[in-house]
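Novice: Numbering (the working numbering), first residue to last: 6 to 422. My structure is below; once you've seen it, I'll send some questions.
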Amino acid sequence: MEQNKQPQAGFSTRIISRKFAKPDAHGAITLPIYKNAAFEFPDSESIAAAFQYRYELHTYTRISNPTVAGFEDKVKVASGAENVVALASGMAAIANTFMTIAYAGCNVVASPHLFGNTFAFFKSTLAEFGVETRFVNTDKLDEVAAAVDQNTCAFFCEILTNPHLEVANLPEIAKIMREKHVPVVIDATVIPWCGFDARACGIDLEVVSTTKYISGGATTMGGVIVDYGTFDWRHSRKLAKAPQPKGMSQFMFKLKSEIARNMGACITPDTAYMQALGMESLQLRYEKMSDTAYRLAQHLTRQKKIVTVGYPKLETSAYKKLSDQLFTGNPGAMLTVALESKEACYKLMDNLQIIRRATNLFDNKSLAIHPESTIYGTFSQEMKRVIGVQPELIRFSAGLESFEDLANDIDSALSKV
Ligand SMILES: Cc1ncc(COP(=O)(O)O)c(C=O)c1O
Numbered sequence: 006m007e008q009n010k011q012p013q014a015g016f017s018t019r020i021i022s023r024k025f026a027k028p029d030a031h032g033a034i035t036l037p038i039y040k041n042a043a044f045e046f047p048d049s050e051s052i053a054a055a056f057q058y059r060y061e062l063h064t065y066t067r068i069s070n071p072t073v074a075g076f077e078d079k080v081k082v083a084s085g086a087e088n089v090v091a092l093a094s095g096m097a098a099i100a101n102t103f104m105t106i107a108y109a110g111c112n113v114v115a116s117p118h119l120f121g122n123t124f125a126f127f128k129s130t131l132a133e134f135g136v137e138t139r140f141v142n143t144d145k146l147d148e149v150a151a152a153v154d155q156n157t158c159a160f161f162c163e164i165l166t167n168p169h170l171e172v173a174n175l176p177e178i179a180k181i182m183r184e185k186h187v188p189v190v191i192d193a194t195v196i197p198w199c200g201f202d203a204r205a206c207g208i209d210l211e212v213v214s215t216t217k218y219i220s221g222g223a224t225t226m227g228g229v230i231v232d233y234g235t236f237d238w239r240h241s242r243k244l245a246k247a248p249q250p251k252g253m254s255q256f257m258f259k260l261k262s263e264i265a266r267n268m269g270a271c272i273t274p275d276t277a278y279m280q281a282l283g284m285e286s287l288q289l290r291y292e293k294m295s296d297t298a299y300r301l302a303q304h305l306t307r308q309k310k311i312v313t314v315g316y317p318k319l320e321t322s323a324y325k326k327l328s329d330q331l332f333t334g335n336p337g338a339m340l341t342v343a344l345e346s347k348e349a350c351y352k353l354m355d356n357l358q359i360i361r362r363a364t365n366l367f368d369n370k371s372l373a374i375h376p377e378s379t380i381y382g383t384f385s386q387e388m389k390r391v392i393g394v395q396p397e398l399i400r401f402s403a404g405l406e407s408f409e410d411l412a413n414d415i416d417s418a419l420s421k422v
């Protein structure tokens, strides 16, 4: 196979020039969509072999599929990971990861500043299976270290918290976890691989909602689990004895051979096709959106009716130094503004003409949402306090429209507040 001829090639080149694992019979230039459920074999021996964990052979689309494998392969070359599994959504990626690692009686050490469903997954869903989540302040490394004990199965946080825009000192946290033999798992949804080098920071596993940047304009739902192959799973109470086939960690073996197929949250081949296409323009969109977000953040800082602007690259951000260090100068398309009141937020949002009032992030269209009343709307006051969501906050996701149009749209809406 002529797969890896360009190890030094640039990010987009690696993704775009990646060849299929097997040449297409018709020479299709884009990986075709294999929509079928099952794959046939010439004889009983070969179908039996395929079922004995021969991962390059496809038997049934819930377990693996050529189009899905093509998408996973693009993520692999983009991230430099050892193995990648694509699933139906970002939440499926998170749930499958922790179903693989966690066990009754263990604990997860995590930041409480999480996307709403992720927080609820730890606080309620996993808790009901006997998994404790110890929420810590990731700014306080002593607190993070002190929360770990012999039952800690993982450390978890978001690469840039949503919507708080905090950056954990991942290299330092990874050092602590390495000493304590605990895997570092991050949700890297908001900073894709062209903006962050997970391996250099000591990250073992990433979960990503590919619904966001990767899908190429919110075309489809998806998620990936990215395994850098760096953690020694002999330290895991649950996975220490799992088989470790060549080129695959015990974590990946358990995930592929049991958890993912039993949970059944497979990504469809149509979706994998869309997302593989999205990967090809990822860097271009990410850089343009990051640039627009930064310019908008600078512009909004000068507006009197805005109390604060959140963007990690601004001098006013407490996380600027870490963001510059970790995110190659591009901390993405998410920015926030705080106004005087929730009513002012609603007024601004209701007067936007170009920016859409919608949840989601990193669509080609710019989006605005009031997180407290929507994403966290059903949460109790206590949960909102733990997560730290302010009613005076609007979250924006900068899209691909021109900066001037977006700035004018917000200015005009602000004039009505
Ligand atoms: C940081 C983060 N992680 C995970 C998710 C969940 O992803 P999905 O909606 O694809 O399940 C989201 C969704 O907004 C998110 O923002």
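For each residue, glycine too, the CB sits at the ideal point set by N, CA and C.
(1) Taking three-plus beta-carbon pairs below 8 Å as touching, is the stretch 28 to 43 in contact with the stretch 61 to 81?
(2) So, residue 401 versus residue 319, is the Cβ gap smaller than 8 Å?
(3) Put residue 60 into one of helix, strand or coil per three-state DSSP.
(4) In whole angstroms, what separates the C-alpha of residue 291 from that of residue 48?
(5) Along the chain, where does the beta strand (DSSP E) that runs through residue 139 open and close?
(6) Does at least one heavy atom of ligand 1 sit under 7 Å from the Cβ of residue 226?
(7) Measuring from the CB of residue 163, is there a heavy atom of ligand 1 at a distance below 7 Å?
(8) Helix, strand or coil for residue 147? Go by DSSP, reduced to three states.
(9) Return yes when the Cβ of residue 321 is within less than 8 Å of the Cβ of residue 408, no when it is not.
(10) Here's a check: name, in chain order, each residue in its chain whose Cβ is nearer than 6 Å to the Cβ of residue 248, leaving out the five neighbours to either side.
(11) Below 7 Å, is the gap between the Cβ of residue 294 and the nearest heavy atom of ligand 1?
(12) Cα separation between residue 104 and residue 183?
(13) Alpha carbon to alpha carbon, how far is residue 335 from residue 52?
(14) Would you list the one or two residues that DSSP bridges to residue 92?
(15) What's the gap between the Cα of residue 404 and the Cα of residue 416?
(16) When you compare each of 62, 57, 106 and 392 to residue 245 by their alpha carbons, which one comes out closest?
(17) For the beta strand (DSSP E) that contains residue 192, what are its first and last residues?
(18) Find out if the Cβ-Cβ distance for the pair residue 270, residue 92 is shorter than 8 Å.
(19) In whole angstroms, what is the alpha-carbon distance linking residue 163 and residue 31?
(20) What does the alpha-carbon distance come out to for the pair residue 337 and residue 301?
(21) Contact defined as beta carbons within less than 8 Å: I believe residue 114 pairs with residue 152. What is the distance between those atoms, to the nearest angstrom?
(22) Examine ligand 1 and report whether any of its heavy atoms sits within less than 7 Å of the Cβ of residue 127.
(23) Is the separation between the beta-carbon of residue 195 and that of residue 146 shorter than 8 Å?
(24) Tell me whether residue 422, by its Cβ, gets closer than 7 Å to a heavy atom of ligand 1.
(25) Can you list, in chain order, the residues of its chain with a C-beta nearer than 6 Å to that of residue 121? Leave out the 5 residues immediately preceding and following it.
(26) Flag this pair as yes or no: are the beta carbons of residue 63 and residue 118 separated by less than 8 Å?
(27) For the alpha helix (DSSP H) holding residue 256, just list the boundary residues, first then last.
(28) Does at least one heavy atom of ligand 1 sit under 7 Å from the Cβ of residue 192?
(29) Tell me which same chain residues have a C-beta within less than 6 Å of the C-beta of residue 186, skipping the five on either side of it?
(30) Under DSSP, the alpha helix (DSSP H) around residue 178 begins and ends at which residues?
(31) Could you name the residues that DSSP lists as bridge partners for residue 218?
(32) With distances taken between CB atoms, is the gap from residue 86 to residue 209 smaller than 8 Å?
(33) Does the distance from the C-beta atom of residue 80 to that of residue 229 stay below 8 Å?
(34) Any heavy atom of ligand 1 closer than 7 Å to the beta-carbon of residue 182?
Specialist: Let me lay it out:
(1) yes
(2) Residue 401 sits at position 396 when you count from the first residue of the sequence shown. Residue 319 sits at position 314 when you count from the first residue of the sequence shown. Annotated as distal: residue 401 and residue 319, with beta-carbon spacing of 8 Å or more.
(3) Walking along the sequence shown from the start, residue 60 turns up at place 55. Coil, per DSSP.
(4) Numbered from 1 along the sequence shown, position 286 holds the residue referred to as residue 291. Numbered from 1 along the sequence shown, position 43 holds the residue referred to as residue 48. About 47 Å.
(5) Mapped onto the sequence shown, residue 139 falls at position 134. Element bounds for residue 139: 137 to 140.
(6) Sequence index remark: in the sequence shown, residue 226 carries index 221 (1-based). Yes, since a heavy atom of ligand 1 falls inside the 7 Å radius drawn around the Cβ of residue 226.
(7) Translated into the one-based positions of the sequence shown, residue 163 becomes position 158. In terms of side-chain proximity, the C-beta atom of residue 163 is found nearer than 7 Å to a non-hydrogen atom of ligand 1.
(8) As a first step, residue 147 is located in the sequence shown; it is residue number 142 there, counting from the start. Residue 147 falls in the helix class under three-state DSSP.
(9) To locate residue 408, count along the sequence shown from 1; it is residue 403. To locate residue 321, count along the sequence shown from 1; it is residue 316. Result no, Cβ atoms of residue 408 and residue 321 do not sit closer than 8 Å.
(10) For the purposes of this step, residue 248 is taken as residue 243 along the sequence shown, with counting starting at 1. Shown here for residue 248: same chain residues with a beta carbon closer than 6 Å to its own, the five before and five after excluded, namely 258 in chain order.
(11) Along the sequence shown, one-based indexing puts residue 294 at 289. Residue 294 Cβ: outside cutoff for every heavy atom of ligand 1.
(12) Indexing the sequence shown from 1 puts residue 104 at position 99. Indexing the sequence shown from 1 puts residue 183 at position 178. Using only the alpha carbons, I get a separation of about 22 Å.
(13) In the sequence shown, the residue the question calls residue 335 occupies position 330. In the sequence shown, the residue the question calls residue 52 occupies position 47. Approximately 48 Å, taken between the alpha carbons.
(14) As a position in the sequence shown, residue 92 is number 87, starting the count at 1. Residue 92 pairs with 228 and 271.
(15) Here residue 404 corresponds to residue number 399 of the sequence shown, with the count starting at 1. Here residue 416 corresponds to residue number 411 of the sequence shown, with the count starting at 1. Going by the C-alpha atoms only, they are around 17 Å apart.
(16) As a first step, residue 245 is located in the sequence shown; it is residue number 240 there, counting from the start. The shortest C-alpha separation from residue 245 is found at 106.
(17) The count along the sequence shown starts at 1 and reaches residue 192 at position 187. 189 to 192 is the span of the beta strand (DSSP E), which, as asked, contains residue 192.
(18) The residue you call residue 270 lines up with position 265 of the sequence shown. The residue you call residue 92 lines up with position 87 of the sequence shown. Yes.
(19) Stepping through the sequence shown from its first residue, residue 163 is reached at position 158. Stepping through the sequence shown from its first residue, residue 31 is reached at position 26. One C-alpha to the other measures close to 43 Å.
(20) Counted from its first residue, the sequence shown places residue 337 at position 332. Counted from its first residue, the sequence shown places residue 301 at position 296. When rounded, the distance between both Cα atoms is 12 Å.
(21) Against the sequence shown, residue 114 aligns to sequence position 109. Against the sequence shown, residue 152 aligns to sequence position 147. At roughly 5 Å, the Cβ-Cβ gap stays under 8 Å, so residue 114 and residue 152 are in contact.
(22) Within the sequence shown, numbered from 1, the residue matching residue 127 stands at position 122. No, since every heavy atom of ligand 1 falls outside the 7 Å radius drawn around the Cβ of residue 127.
(23) On the sequence shown, position 190 is the one that residue 195 refers to. On the sequence shown, position 141 is the one that residue 146 refers to. It is not a contact, given that the beta carbons lie outside the stated cut-off.
(24) Locating residue 422 in the sequence shown gives position 417, where the first residue counts as 1. No.
(25) To locate residue 121, count along the sequence shown from 1; it is residue 116. Hits under 6 Å: 380 and 381.
(26) Here residue 63 is taken as the residue at index 58 of the sequence shown, counted from 1. Here residue 118 is taken as the residue at index 113 of the sequence shown, counted from 1. No; because the gap between Cβ atoms is not below 8 Å, this pair is not in contact.
(27) Numbered from its first residue, the sequence shown carries residue 256 at position 251. Segment 255 to 259, the alpha helix (DSSP H) holding residue 256.
(28) Taking the sequence shown and counting its residues from 1, the one referred to as residue 192 is at position 187. Residue 192 Cβ: within cutoff of ligand 1.
(29) What you label residue 186 is simply residue 181 of the sequence shown in a count that begins at 1. Closer than 6 Å at Cβ, skipping near neighbours: 240.
(30) Taking the sequence shown and counting its residues from 1, one reaches residue 178 at position 173. Segment 175 to 185, the alpha helix (DSSP H) holding residue 178.
(31) Within the sequence shown, numbered from 1, the residue matching residue 218 stands at position 213. Partner(s): none; residue 218 has no beta bridge.
(32) Counting from one through the sequence shown, the residue named residue 86 turns up at place 81. Counting from one through the sequence shown, the residue named residue 209 turns up at place 204. Going by C-beta atoms, residue 86 is not nearer than 8 Å to residue 209.
(33) In the sequence shown, residue 80 corresponds to position 75, counting from 1. In the sequence shown, residue 229 corresponds to position 224, counting from 1. Yes, they are a contact pair.
(34) Position 177 of the sequence shown, counting from 1, holds the residue named residue 182. Checking the Cβ of residue 182 against ligand 1 gives no.
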